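To start, the structure itself, in structure tokens.
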Amino acid sequence: MNDYVTIEGRDGEFRAYVARPEGRPAPAIVVLQELFGVNADIRATCDELAEQGFLAVAPDLFWRLEPGLSLSVTSAEDWQHGVRLYQAYDRDAGVRDVEDTIKAVSRLPGCNGKVGVLGYCLGALMVFLTAVRSDVDAAVAYHGSDTDKYLGESGRLRAPLLMHLGEEDEFIPKSAQAAIREVLASNPNATVYSYPGQRHAFSRHGGAHYDAAAASLAHARTYQFLHQSLG
């Protein structure tokens with residue numbers, strides 16, 4: 170069953186899409202959006218996680234700026250709209266929202282108390298920030314732009330972290346990818362996979378750079394990691 174819940178955050182209320190698995194109780198995954206909002210792609214990702222046996226919840230990260238946003242991944246106008254919101258987004262406030270979502274999700278009737286976070290682009294950066302600043306049971310980041318700017322906080326990483334990077338990502342320079350791999354290589358909790366020939370958002374449903382083989386491999390690694398980390 171898929172529906173919406175309201176998260177009572179410290180800074181205000183915001184909605185979150187919920188996809189529920191057949192088996193209960195189950196570990197939960199908080200799914201963090203790209204700059205397109207909680208759109209069809211993010212909702213489909215939640216549905217797929219529910220099929221894997223997870224309670225998947227996608228909070229509206231842009232609720233302060235434009236609540237209820239759902240943009241198309243194929244529209245140039247929507248892309249520019251999302252970029253403006255991305256640039257205006259308060260990342261520190263966003264961490265509070267993710268923390269509040271984790272707390273709320275852990276108390277949902279269908280959750281067994283374990284909660285992981287998974288995100289894409291902006292959401293992947295928020296996954297990293299949440300993992301180093303808060304308590305979470307597992308973290309998965311797909312092509313997290315600007316992650317390299319926060320590597321100084323990586324020493325506080327305690328949760329298992331899985332990161333996916335497309336080697337030809339036009340928004341994450343190879344120098345930034347190298348820095349990410351170098352810093353996280355010394356952390357036993359972190360695993361970074363690189364995908365040769367892949368550009369940004371290679372796993373996005375309907376995206377311009379979607380690659381079925383690379384996406385399938387990344388998702389298989391993600392599901393295995395989440396099942397191992399969350400039980």
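In the working numbering, the protein residues as written are 170 to 400.
We put the beta carbon where it would ideally sit given N, CA and C, even for glycine.
Since this is a predicted model, take the numbers as computed values, not measurements.
Using 10 angstroms around the beta-carbon of residue i, count the other beta-carbons present and answer buried if the total reaches 16, otherwise exposed.
i: Asp-259; result: exposed
i: Thr-391; result: buried
i: Asp-210; result: buried
i: Gly-417; result: A question about residue 417 goes unanswered here, because the residues of the chain that appear run from 170 up to 400.
i: Gly-178; result: buried
i: Thr-243; result: exposed
Return the CA-CA distance between residue i and residue j, expressed in angstroms with no decimal places.
i: Pro-329; j: Pro-228; result: 22 Å
i: Leu-395; j: Ala-359; result: 13 Å
i: Ala-370; j: Asn-171; result: 25 Å
i: Gly-335; j: Val-199; result: 23 Å
i: Gly-222; j: Gly-375; result: 24 Å
i: Asn-356; j: Pro-342; result: 22 Å
Which residues in the same chain as residue i place their Cβ atom closer than 7 Å to its Cβ, once the five residues preceding and following it in sequence are excluded?
i: Asp-317; result: Ala-345, Ala-348, Ile-349
i: Asp-306; result: Lys-283, Val-284, Gly-285, Ala-328, Ser-398, Leu-399
i: Ala-219; result: Ala-188, Arg-189, Pro-190, Ala-225
i: Val-301; result: Glu-322, Ser-323, Arg-325, Leu-326
i: Glu-337; result: Gly-366, Gln-367, Arg-368
For residue i, which residues in the same chain have their Cβ closer than 8 Å to its Cβ, ignoring the five residues on either side in sequence?
i: Leu-294; result: Arg-260, Gly-288, Ala-310, Gly-313, Ser-314, Asp-315, Thr-316, Tyr-319
i: Val-252; result: Leu-204
i: Ala-308; result: Gly-285, Val-286, Leu-287, Val-296, Phe-297, Thr-299, Ala-300, Ala-328, Pro-329, Leu-330, Leu-331
i: Gly-181; result: Trp-232, Arg-233
i: Tyr-362; result: Leu-331, Met-332, His-333, Leu-334, Ala-387, Arg-390
i: Glu-339; result: Arg-368, His-369
So residue i and residue j are supposed to be a Cβ contact under 8 Å. How far apart are they, rounded?
i: Trp-232; j: Phe-183; result: 4 Å
i: Ala-296; j: Leu-201; result: Here residue 296 turns out to be Val, not Ala, going by the sequence shown. Indeed they touch by this definition, with Cβ atoms about 6 Å apart.
i: Leu-138; j: Tyr-255; result: Summary: the structure shown does not reach residue 138, with the chain confined to residues 170 through 400, and so no result is reported for it.
Three-state secondary structure (DSSP) at residue i?
i: Glu-177; result: strand
i: Ile-349; result: helix
i: Ala-209; result: helix
i: Leu-277; result: coil
i: Thr-360; result: strand
Going by the C-beta, is residue i closer than 6 Å to any heavy atom of the ligand GTP?
i: Arg-179; result: Ligands in the displayed structure: none, and consequently the ligand GTP is not present.
Starting from the C-beta of residue i, find all residues in its chain whose C-beta is less than 6 Å away, skip the five residues before and the five after it, and write them out in chain order.
i: Ala-273; result: Ile-176
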